[in-house]
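Notes follow once the structure below has been shown.
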């Protein structure tokens, strides 16, 4: 289901993604934002890699099974700061989408990401993760090789990683597949990115018994950057230019670079024991409940 | 006629309440026999669901379990409404139905004389889903184990993250794992017992992170739903796919332990903790 729907979203006719009238200045619905976050012209990992970072040295493989192209990582430099960059890469066209499995990683992708994070710790480099995935790949081999275990391990290890971690959601933050590289000291979202526990289509087909209620589910799920900042799940929103990041690659690259450099400088100044304590407190405070 | 059909319905319900039908082999078992056998089918060894308190009684020495963090309960922080109504109403209905206020019961006690902290999930409460209150209790119990320096055991029974809390529920995966990470750092044992079913976000967080991962026979354990995978790959999956036996074979769990042996097994492995 996930593959089929992503394929449709990513390769369908451009006009389908055109929103009614200008979106400038008017409040977009959650569903309109979902559509922008999946826009076929929206910049993806490789765009930011070239526009925001320099001197990229790609590192391959999880050392157990293979090299998952849905997650890309390596050394890179941003504004003079050396970092480890890791991100989902959906690719730009049908051929790349297929090659990179639409950014849906398998266990070997998450294990490669963890290997690079551990390497970053050894090299004392901050980690920047770029999130853009419909979700972790729901396939037989992925389950067989421990999809759940690989994500769980990353989440647990990231909570205690002894270098600063910044996560930036540039498009789709698809559930556990996103969180598997998304635990950090600063969580940043582009203004038209989404982050959700389940896709609006998946939620609608379960709770509304019909995927066509996806716009209602999108609204109910509070998956937009603005709502997530309100619920204190994320720390910062990067405002997208014009009608979305796809309308001005240069402007969004500038804004992303500015934010990342600022946050890297702030986080690098914090002693690691304090950083880890703050990270633990940050995640301890997530969620709302009664009676304690 | 009305009294007649009503009498039949009542009689049918009476008969139904005397018998339990095994979900696996379909045989009918006397309610009493089913219960005495710890909700396990005497014919096919199918492990039926049990409540959190029933499990606590099976695992902990009599009178030693002290419940902690019992006052925590869910709130409808998103104002979530779907076709069947509001999450707020669902919370109340589930509280009433189950008599508990979250999908997990937490506390400490002794297992054959060994002190341990436990979080025991209860599938009756919103399908054991992981909400903010659930995550909070699991983290608080981990923190209690961390401070007291005693082993932590989580019994999972869950469909995954609680959709009605949106990303707040997803973040409970990170929150609970942050607690597990602290236990790891202090070398405090964490044992995960995966019972039927343990799926989605619960499997992809603390449930897979045990120093020992244990399961009951036949338990369904997986990440993505069976139907979603079948649609993705376009073929039918093997019958044993995502069962405890399948996970044992693929190296993700240490052992499959029957319900009646679980207490003995846990105290046995904990007796090796030499710190």
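Chains as they are written, first to last, in our numbering: chain H, 53 to 344; chain L, 4 to 278.
C-beta: ideal position from N, C-alpha, C; glycine also.
From residue i to residue j, what does the alpha carbon distance come to, in whole angstroms?
i, j, result
"residue 156 of chain L", "residue 339 of chain H", "23 Å"
"residue 120 of chain L", "residue 269 of chain L", "12 Å"
"residue 232 of chain L", "residue 196 of chain H", "12 Å"
"residue 176 of chain L", "residue 276 of chain L", "27 Å"
"residue 98 of chain L", "residue 268 of chain H", "27 Å"
"residue 47 of chain L", "residue 27 of chain L", "8 Å"
"residue 215 of chain H", "residue 168 of chain H", "12 Å"
"residue 200 of chain L", "residue 160 of chain L", "5 Å"
"residue 59 of chain H", "residue 154 of chain H", "Low per-residue confidence applies at residue 59 of chain H: pLDDT is 41, beneath 50, and the placement is therefore not dependable, though the value from the model is reported in the following sentence. Computed Cα separation, rounded: 8 Å."
"residue 246 of chain H", "residue 281 of chain H", "12 Å"
"residue 173 of chain H", "residue 336 of chain H", "23 Å"
"residue 211 of chain H", "residue 234 of chain H", "10 Å"
"residue 81 of chain L", "residue 261 of chain L", "40 Å"
"residue 90 of chain H", "residue 107 of chain H", "28 Å"
"residue 188 of chain L", "residue 213 of chain H", "11 Å"
"residue 169 of chain L", "residue 327 of chain H", "27 Å"
"residue 276 of chain H", "residue 287 of chain H", "13 Å"
"residue 184 of chain L", "residue 30 of chain L", "44 Å"
"residue 244 of chain H", "residue 132 of chain H", "28 Å"
Let me know if residue i comes out buried or exposed under the rule of 16 or more other beta-carbons within 10 Å of its beta-carbon.
i, result
"residue 8 of chain L", "exposed"
"residue 209 of chain L", "buried"
"residue 3 of chain L", "For residue 3 of chain L there is no data in the structure shown, the boundaries of chain L being 4 and 278."
"residue 288 of chain L", "The question about residue 288 of chain L has no answer, for chain L in this structure spans 4 to 278."
"residue 262 of chain H", "exposed"
"residue 145 of chain H", "exposed"
"residue 164 of chain H", "buried"
"residue 180 of chain L", "buried"
"residue 115 of chain H", "exposed"
"residue 324 of chain H", "exposed"
"residue 206 of chain L", "buried"
"residue 192 of chain L", "buried"
"residue 56 of chain H", "At residue 56 of chain H, the pLDDT of 41 sits below 50, so the modelled position is not reliable and the matter cannot be decided from this model."
"residue 33 of chain L", "exposed"
"residue 274 of chain H", "buried"
"residue 333 of chain H", "exposed"
"residue 126 of chain L", "buried"
"residue 316 of chain H", "buried"
Determine, using beta carbons only, whether residue i comes closer than 8 Å to chain H.
i, result
"residue 152 of chain L", "no"
"residue 69 of chain L", "no"
"residue 211 of chain L", "yes"
"residue 206 of chain L", "yes"
"residue 21 of chain L", "no"
"residue 258 of chain L", "no"
"residue 177 of chain L", "yes"
Report yes or no: is there a C-beta of chain L within less than 8 Å of the C-beta of residue i?
i, result
"residue 340 of chain H", "yes"
"residue 118 of chain H", "no"
"residue 235 of chain H", "yes"
"residue 190 of chain H", "yes"
"residue 283 of chain H", "yes"
"residue 215 of chain H", "no"
"residue 319 of chain H", "no"
"residue 274 of chain H", "yes"
"residue 207 of chain H", "yes"
"residue 199 of chain H", "yes"
Considering only their Cβ atoms, is the gap separating residue j from residue i smaller than 8 Å?
i, j, result
"residue 204 of chain H", "residue 212 of chain L", "yes"
"residue 90 of chain L", "residue 167 of chain L", "yes"
"residue 220 of chain H", "residue 285 of chain H", "no"
"residue 104 of chain H", "residue 126 of chain H", "no"
"residue 246 of chain L", "residue 222 of chain L", "yes"
"residue 188 of chain H", "residue 232 of chain H", "yes"
"residue 79 of chain L", "residue 272 of chain H", "no"
"residue 319 of chain H", "residue 218 of chain H", "yes"
"residue 105 of chain L", "residue 67 of chain L", "no"
"residue 83 of chain L", "residue 101 of chain L", "no"
"residue 159 of chain H", "residue 202 of chain H", "yes"
"residue 139 of chain L", "residue 75 of chain L", "yes"
Considering only heavy atoms of the ligand ADP, does any lie closer than 7 Å to the CB of residue i?
i, result
"residue 153 of chain L", "Inclusion of the ligand ADP in the displayed structure is not the case, the ligand content being empty and no account of it being possible."
Apart from the five residues just before and just after residue i, which ones in its own chain have a Cβ nearer than 7 Å to its Cβ?
i, result
"residue 251 of chain L", "259"
"residue 204 of chain L", "133, 163, 164, 173, 176"
Tell me which same chain residues have a C-beta within less than 6 Å of the C-beta of residue i, skipping the five on either side of it?
i, result
"residue 218 of chain L", "197, 247, 256, 259"
"residue 314 of chain H", "none"
"residue 42 of chain L", "51, 53"
"residue 300 of chain H", "293, 294"
"residue 44 of chain L", "25"
Considering only residues of the same chain and omitting the five flanking positions on each side of residue i, which have a CB-CB separation below 8 Å?
i, result
"residue 330 of chain H", "237, 322"
"residue 304 of chain H", "95, 242, 290, 292, 293, 297"
"residue 243 of chain L", "249"
"residue 83 of chain H", "252, 266, 267, 270, 271"
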